[in-house]
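Peer 1:
2 protein chains.
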Amino acid sequence: MKRIGLAAQVDARTGQSPQRYSPIAWERILSGIDRNGRPQVELMKVLSAALERGELAGGVRLPSGRELARILGVSRNTVIAAISDLVDHGYLVSRERSGVYIADPLPPMATPSAPRQPMDRIDWGARFSVGGIAEAAASTSIPPPAHSFEYGQFDFSLFPIAHWRECERAALGKLEIACWARDMGDEDDVELLEELRKHILPYYGIWSRPDEILITLGGQQGRYLVAQLLSGRGTRAGIEHPGLPDMAKILGVTSAEIRHLPVDQDGLILGDALDSCDTVYVTPDHQNPTTVTMSLTRRQDLLKRAASRDFVVVEDTFETEFVFHEPSLPSLRSMDGDNRVVHVGSLSKLMAPGLRLGYVVASPTVIRELRALRRLMHRHPPGNNQRALAIFIRHGHYRTHMRRAAVELGRRSAALAAALDRWLPDVRWRHRPGTSSFWLELPLELDAGRLSMAAERRGVRVTPGRRFFSGLEPAGNFIRLAVSTLGEYQIEAGIRLLELLIFNLKKGDLGHC
Amino acid sequence: MKRIGLAAQVDARTGQSPQRYSPIAWERILSGIDRNGRPQVELMKVLSAALERGELAGGVRLPSGRELARILGVSRNTVIAAISDLVDHGYLVSRERSGVYIADPLPPMATPSAPRQPMDRIDWGARFSVGGIAEAAASTSIPPPAHSFEYGQFDFSLFPIAHWRECERAALGKLEIACWARDMGDEDDVELLEELRKHILPYYGIWSRPDEILITLGGQQGRYLVAQLLSGRGTRAGIEHPGLPDMAKILGVTSAEIRHLPVDQDGLILGDALDSCDTVYVTPDHQNPTTVTMSLTRRQDLLKRAASRDFVVVEDTFETEFVFHEPSLPSLRSMDGDNRVVHVGSLSKLMAPGLRLGYVVASPTVIRELRALRRLMHRHPPGNNQRALAIFIRHGHYRTHMRRAAVELGRRSAALAAALDRWLPDVRWRHRPGTSSFWLELPLELDAGRLSMAAERRGVRVTPGRRFFSGLEPAGNFIRLAVSTLGEYQIEAGIRLLELLIFNLKKGDLGHC
Chain A
1 MKRIGLAAQV
11 DARTGQSPQR
21 YSPIAWERIL
31 SGIDRNGRPQ
41 VELMKVLSAA
51 LERGELAGGV
61 RLPSGRELAR
71 ILGVSRNTVI
81 AAISDLVDHG
91 YLVSRERSGV
101 YIADPLPPMA
111 TPSAPRQPMD
121 RIDWGARFSV
131 GGIAEAAAST
141 SIPPPAHSFE
151 YGQFDFSLFP
161 IAHWRECERA
171 ALGKLEIACW
181 ARDMGDEDDV
191 ELLEELRKHI
201 LPYYGIWSRP
211 DEILITLGGQ
221 QGRYLVAQLL
231 SGRGTRAGIE
241 HPGLPDMAKI
251 LGVTSAEIRH
261 LPVDQDGLIL
271 GDALDSCDTV
281 YVTPDHQNPT
291 TVTMSLTRRQ
301 DLLKRAASRD
311 FVVVEDTFET
321 EFVFHEPSLP
331 SLRSMDGDNR
341 VVHVGSLSKL
351 MAPGLRLGYV
361 VASPTVIREL
371 RALRRLMHRH
381 PPGNNQRALA
391 IFIRHGHYRT
401 HMRRAAVELG
411 RRSAALAAAL
421 DRWLPDVRWR
431 HRPGTSSFWL
441 ELPLELDAGR
451 LSMAAERRGV
461 RVTPGRRFFS
471 GLEPAGNFIR
481 LAVSTLGEYQ
491 IEAGIRLLEL
501 LIFNLKKGDL
511 GHC
Chain B
1001 MKRIGLAAQV
1011 DARTGQSPQR
1021 YSPIAWERIL
1031 SGIDRNGRPQ
1041 VELMKVLSAA
1051 LERGELAGGV
1061 RLPSGRELAR
1071 ILGVSRNTVI
1081 AAISDLVDHG
1091 YLVSRERSGV
1101 YIADPLPPMA
1111 TPSAPRQPMD
1121 RIDWGARFSV
1131 GGIAEAAAST
1141 SIPPPAHSFE
1151 YGQFDFSLFP
1161 IAHWRECERA
1171 ALGKLEIACW
1181 ARDMGDEDDV
1191 ELLEELRKHI
1201 LPYYGIWSRP
1211 DEILITLGGQ
1221 QGRYLVAQLL
1231 SGRGTRAGIE
1241 HPGLPDMAKI
1251 LGVTSAEIRH
1261 LPVDQDGLIL
1271 GDALDSCDTV
1281 YVTPDHQNPT
1291 TVTMSLTRRQ
1301 DLLKRAASRD
1311 FVVVEDTFET
1321 EFVFHEPSLP
1331 SLRSMDGDNR
1341 VVHVGSLSKL
1351 MAPGLRLGYV
1361 VASPTVIREL
1371 RALRRLMHRH
1381 PPGNNQRALA
1391 IFIRHGHYRT
1401 HMRRAAVELG
1411 RRSAALAAAL
1421 DRWLPDVRWR
1431 HRPGTSSFWL
1441 ELPLELDAGR
1451 LSMAAERRGV
1461 RVTPGRRFFS
1471 GLEPAGNFIR
1481 LAVSTLGEYQ
1491 IEAGIRLLEL
1501 LIFNLKKGDL
1511 GHC
């Protein structure tokens, strides 16, 4: 009794399936197998695919081990190990003295409604409580051109694959799983909290107890949670101008009234506008986008002012993961005698921003409330990543990676500085050693928006400065360049292209006058 | 020149370190090594620890390969491979014709401020825009007693360690890393979106395009995001009564006005209170906590009512990951002709809630806005977990795991049903096959709160029903039991303990009368 045509004879939906398939049928089913992969995995993949296509059904008997070994071209022992694994995991069922069978299939799925053109019978716009963000928050998904001076994107050639893999694997030990795989409620991984407070925070001069720390999904979530807790409707929030565009958008969602506070070469200017704020958001170590570091005197004065006018200071350690390799000024949090500084940082930006890990350090009263808010939002950052990062820090990999990344960024920054001095001598720029970004002031007659559009067409991405000014008195002649993605030897070529564009743009502008 | 005392002779801070250590010194430094681990990892660990303790410093020369092999008791080739790895990663520096050295240390860290008793000089309570949640949201962290009938906690004996490890490893391929390690902005992993829409959503009868799906950090984030977008200040939200306590808390944070809508044996009752709602949150497949499944007629009527009164329906597929193994009623989203149903689900509850993965399916207009909101909150769920789950589904492991978990839950549920019938025959209970929880109605004179406190002291955890009633007409005689954690053979013992307690409590109550 030979069976060849499969699909015609097997109907998974009615369960009318033959109990045995012929060798030729099996050869066809198994023909898609990848002989270089692990036999268990590969066997399971082709069986699943055949079930999915309706070519196989539950109750069908598998060929003998010998027969399978022949078809697959592997040893019989390999086949037996693979089958035993698949039986353990429920794909196959072993019946004594009878053989191995495909396990009973899942019931037929509910008939899916046909793919349809969505047809909204509802005026969504009128129903959005926090509408219009989709326009405001531009996606970062446009693929970068050949020379991208875009900030913050990850250079995956630097990702410590082997070490991270080792730590992920360690986090999958049985005892580790028992710690992180459960719903952790409002908790964080205790081991990550320990590593953080013992081996990371001291670099910022911060010595914290575990109840003063919250793990977040990157620096972004730190900013968002703090804004939601402290800068709601009816409060005033001060932000730097120019500054991080997302900060203004977040405060738009939380309905705070925004005060734009100007910045000079010592950091945030302590003007009168400060005094009416309930909360002030600053990036003292590395002002975004000007790269300015707030001076020690300014830091001390800011904290005095905060105490006398009773406002809260949110210290955002923007890109200071990179500054590990050089002594820094003390963080505001480390100088804070009142417990009124909330310190927000990232742990993954340097390694793989896609991992989304960061932290907030603050008074236990604040952390307790942030923790409760985070629990309602999504409980906690995934436990496996928290535990893997704890192990990564404990094994010393974080420190090493920091050092390597800093050395690499130093090389690239030196190349960019040299290229700017050589090819764009009349452009003024500012850069903090140990970070990835440069803030450029172009000649006044140049429009950074036009330059960036022209550059994008020529394969060079730069960030026009206007977006950091939140629509207020936009200075049109600033751009930001960063060396996060571009290798040392591609930098000069990018700057030469930029120089050519600036030359042409100047000519064109003069032509129009 | 023999050196023995280490700490005394090396001062990492001043850099005054000897360039060579004696064999005895090295033996002491290396004595902590774990000879069963991977030599690279172990060598790196002891070196890091010695650096940390100040026993080693940058610039110290490593012993020769031969010498190290002797001290460590491994082959010279192993030592050379380990050293080469550590050089690659920057722990060690190889100087030509001179030897291998400990890399230059990081600069001394900023002097940490001493651990201090936090001293808040600020009235935080007055500043919280969303205060008082910390009280309301009880932590789930109290360790469970011997017999825990708590809902939803993870039974890690069911976690598919080997398969998940295989998928995490696959997600660490170079090409995979290039996809997920970057800051993904407002995007999700395209592969997870594909697996979800092709292999998971069809089980609910849903056929979606990628722009109708958002990946979330578990079902909890789906609920939160949707509430923040659609149930802000000035809107009315209907929730089930009794129902999920967190839903009311979330709506408290988003400032919606809440309507409590009663439930009967067919699910949500379609009363007049419904009509004044802007958004109605329902759990049709498995009402929480009553375990009721909404009837087909009720589903049809709810959708008709939603269309005629123009409200939005949020369908929360509470615990229906477990129901894969039996045909279900069509989901509201699959019956929705108007695109007015928002469908919220979990992907990790069944496997490891700590992984925090779930999804929302809705009109592209809604998804676009949720995506923008999520971008401001924390960008995206970690990319490595998204990719690992995509591979897990593609390889068929998700389906298998689902089947195994359903079989196991079925066994446990049967044991609980039998134990209840045998030991507590006058208690009425309700359970939906394929799920983990039971809803028990105790004799009227019993107080569930007192019972649960007494039970906790005797090593049995049950959930009193009162918390599902949001303080309105609390029915005092309900409890919920679940079989998420307790194995089949421990269940009856737990119920016998409960029976004894109820017996004593009744006696005590009668005594008081």
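Residue numbers (our numbering), protein chains in the order written: chain A, 1 to 513; chain B, 1001 to 1513. Heads up, the beta-carbon is just placed ideally off N, CA and C, and yes, glycines get one too. Fair warning: this is a prediction, and the values are worked out from it, not measured in the lab.
1) In the DSSP assignment, the alpha helix (DSSP H) including SER1346(B) goes from what residue to what residue?
2) Considering only the beta carbon of each residue, do GLY1383(B) and TRP1164(B) sit closer than 7 Å?
3) In the DSSP assignment, what are the bridge partners of LEU1214(B)?
4) Nearest to VAL1314(B) by alpha carbon, out of THR1254(B), GLU1240(B) and GLN1040(B)?
5) For PHE1128(B), name the three-state secondary structure that DSSP assigns.
6) By the DSSP assignment, the alpha helix (DSSP H) with GLY252(A) in it spans what residues?
7) With 16 other CB atoms within 10 Å as the buried threshold, where does PRO115(A) fall?
8) What three-state label does DSSP hand TRP207(A) in the structure shown?
9) Please check if any C-beta of chain B sits within less than 7 Å of the C-beta of ASN339(A).
10) Against LYS1304(B), what residues of chain A qualify as contacts under a CB-to-CB distance less than 7 Å, listed in chain order?
11) Could you pull out every residue in the same chain whose Cβ sits closer than 7 Å to the Cβ of PHE468(A), ignoring the five residues on either side in sequence?
12) Taking the straight line between their C-alpha atoms, what separation do you get for LEU1451(B) and LEU1505(B)?
13) For the alpha helix (DSSP H) that GLU1257(B) lies in, which residues bound it at each end?
14) Tell me whether GLU55(A) sits in a helix, a strand or coil according to DSSP, three-state version.
15) So is SER1031(B) buried or exposed if we call it buried at 16+ other beta carbons inside 10 Å?
16) Going along the stretch 341-359 of chain A in order, which residues come within less than 7 Å of chain B, judged by CB to CB distance?
17) Using beta-carbon positions only, say whether THR254(A) and SER276(A) come within less than 7 Å of one another.
18) Could you tell me whether the Cβ atoms of ALA248(A) and LEU261(A) are closer together than 7 Å?
19) DSSP three-state call for THR1279(B): helix, strand or coil?
20) Which word fits PRO284(A), buried or exposed, when buried means at least 16 other C-beta atoms lie within 10 angstroms of its C-beta?
21) Please compile the residues from chain B whose C-beta is within a distance smaller than 8 Å of the C-beta of SER231(A).
22) Between which two residues does the beta strand (DSSP E) holding ASP316(A) run?
23) Please go through the same chain and pick out, in chain order, the residues whose beta-carbon is closer than 8 Å to the beta-carbon of CYS1167(B), but skip the five residues on each side of it.
24) Anyone know if the C-beta pair for GLY238(A) and ARG259(A) falls short of 7 Å?
25) Taking all protein chains shown into account, decide if ALA352(A) is buried (16 or more other Cβ within 10 angstroms of its Cβ) or exposed.
26) At 8 Å on the CB atoms, spell out the chain A contacts of SER1363(B), in chain order.
27) Taking CB distances under 7 Å as the criterion, tell me whether VAL1010(B) reaches chain A.
28) Run through chain A and tell me which residues come within less than 9 Å of ARG1457(B), C-beta to C-beta.
29) Do THR1293(B) and ARG1432(B) have their C-beta atoms closer together than 7 Å?
30) Tell me the residue span of the beta strand (DSSP E) that contains LYS1438(B).
31) Please report whether the beta-carbon of GLN490(A) lies at a distance below 7 Å from any beta-carbon of chain B.
32) Which term fits TYR489(A), buried or exposed, when burial requires 16 or more other beta carbons within 10 angstroms of its beta carbon?
33) Applying the criterion that 16 or more other CB atoms from any shown protein chain within 10 Å of the CB defines a buried residue, is GLY37(A) buried or exposed?
34) Check whether the Cβ of SER1084(B) lies closer than 7 Å to any Cβ atom in chain A.
35) Could you spell out the range, first to last residue, of the alpha helix (DSSP H) harbouring GLY383(A)?
36) The alpha helix (DSSP H) with SER452(A) in it runs from where to where?
Peer 2: According to the data block:
1) For SER1346(B), no alpha helix (DSSP H) encloses it; the enclosing beta strand (DSSP E) starts and ends at 1341-1346.
2) Here GLY1383(B) is not near TRP1164(B), since their CB atoms are 7 Å or more apart.
3) Paired residues: VAL1360(B).
4) With distances taken between CA atoms, VAL1314(B) lies nearest to GLU1240(B) out of THR1254(B), GLU1240(B) and GLN1040(B).
5) The answer is coil: DSSP assigns PHE1128(B) none of H, G, I, E or B.
6) Following the DSSP letters along the chain, one finds GLY252(A) inside the alpha helix (DSSP H) bounded by residues 245-254.
7) Summary for PRO115(A): the model assigns pLDDT 48, below 50, so the residue's position carries little reliability, and this model does not support an answer.
8) TRP207(A): coil per DSSP, three-state reduction.
9) It does; some Cβ of chain B falls within 7 Å.
10) Within 7 Å Cβ-Cβ: nothing; LYS1304(B) doesn't reach chain A, min ~13 Å.
11) Answer for PHE468(A): PRO242, GLY243, PRO245 and PRO289, listed in chain order.
12) About 7 Å.
13) First-last for GLU1257(B): 1257-1264, but that is the beta strand (DSSP E), not the alpha helix (DSSP H).
14) GLU55(A) sits in coil when the DSSP states are folded into three classes, being neither helix nor strand.
15) SER1031(B) is exposed by the Cβ-count criterion.
16) Correct list: ALA352, PRO353, GLY354, LEU355 and ARG356.
17) Their beta carbons are not under 7 Å apart, which means THR254(A) does not touch SER276(A) by this criterion.
18) If you check the CB distance, ALA248(A) and LEU261(A) do not come in under 7 Å.
19) Three-state DSSP puts THR1279(B) in a strand.
20) Around the beta-carbon of PRO284(A), 16 or more other beta-carbon atoms lie within 10 Å, marking it buried.
21) Contact annotation for SER231(A) against chain B: SER1129 [CB-CB distance below 8 Å, chain order].
22) For ASP316(A), the enclosing beta strand (DSSP E) stretches over residues 312-316.
23) Once the five neighbours on either side are set aside, the close Cβ partners of CYS1167(B) are ALA1388, LEU1389, ILE1391, PHE1392, HIS1395 and HIS1397.
24) Yes. Within cutoff.
25) The residue in question, ALA352(A), is buried, as its Cβ has 16 or more Cβ neighbours within 10 Å.
26) Under the 8 Å cutoff, chain A gives PRO118, ASP120, ILE122 and TRP124.
27) In this predicted model, VAL1010(B) has a pLDDT of only 36, less than 50, meaning its place in the structure is not dependable; the value taken from the coordinates is given anyway. Not closer than 7 Å to any Cβ of chain A, the Cβ of VAL1010(B) fails to qualify, so no.
28) For ARG1457(B), there are no neighbours in chain A by C-beta distance under 9 Å, as the nearest C-beta there is about 22 Å away.
29) It is a contact, given that the beta carbons lie within the stated cut-off.
30) Checking the displayed sequence, the identity of residue 1438(B) turns out to be Phe instead of Lys. Unbroken beta strand (DSSP E) run through PHE1438(B): 1437-1441.
31) Taking Cβ atoms only, chain B never reaches closer than 7 Å to GLN490(A), which makes this a no.
32) With fewer than 16 Cβ atoms within 10 Å of its Cβ, TYR489(A) is classed as exposed.
33) Burial is judged here by how many other beta carbons sit within 10 angstroms of a residue's own beta carbon; GLY37(A) has fewer than 16 and is exposed.
34) Not a single C-beta of chain A is nearer than 7 Å to the C-beta of SER1084(B).
35) DSSP places GLY383(A) inside the alpha helix (DSSP H), whose first and last residues are 383-394.
36) Secondary structure note for SER452(A): its alpha helix (DSSP H) is the uninterrupted segment 448-457.
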